[in-house]
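Structure first, then comments.
In the UniProt record's numbering, the protein residues as written are 1 to 127.
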């Protein structure tokens, strides 16, 4: 998330928030509005983090198995991504998320399934 300028911010219990305070030019599509890939990256991040922050989670790392996203309107200005757990088992976690603009409008929603990664994560293990 650092690459696009987004950071995790405090959220209510059971939720994860990531804020993107400014949409740099390279993050825009031709409208100009946030590129769909940026929107999906924000939603993927908050849902994965929500899975890993679940109190009984077997691991803090959850990798995406599948993700579905819906774009409702162009995303402009500062954005807040919010993710939460819908259902979890010992190995998989279903999550949902939404992206909200400065006016409080939902610009995109998503759902996804995440698998808990039980092996230690190192750069060597993902090469």
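For each residue, glycine too, the CB sits at the ideal point set by N, CA and C.
Identify every residue that forms a DSSP beta bridge with residue i.
i           : result
residue 113 : 66 and 94
residue 22  : None; residue 22 has no bridge partner.
residue 99  : 81 and 108
residue 17  : 9 and 82
residue 87  : 94
residue 51  : In the DSSP output, where bridge partners are listed per residue, residue 51 has none listed.
Anyone know if the C-beta pair for residue i and residue j falls short of 8 Å?
i           : j           : result
residue 101 : residue 67  : no
residue 46  : residue 81  : yes
residue 52  : residue 62  : yes
residue 48  : residue 118 : no
What three-state label does DSSP hand residue i in the structure shown?
i          : result
residue 5  : coil
residue 82 : strand
residue 42 : helix
Excluding five sequence neighbours on each side, which residues of the same chain lie with their C-beta closer than 6 Å to the C-beta of residue i?
i          : result
residue 70 : 109
residue 98 : 82, 106 and 109
residue 9  : 17 and 19
residue 50 : 16, 83, 84, 85 and 95
Using C-beta distances below 8 Å, list every residue in its chain close to residue i, excluding the 5 sequence neighbours before and after it, in chain order.
i          : result
residue 54 : 85, 88 and 93
residue 35 : 27, 28 and 29
Can you round the beta-carbon distance between residue i and residue j to whole angstroms, since I take them to be within the 8 Å contact cut?
i          : j           : result
residue 38 : residue 113 : Not quite, the Cβ-Cβ distance comes to about 22 Å (not below 8 Å), so this is no contact.
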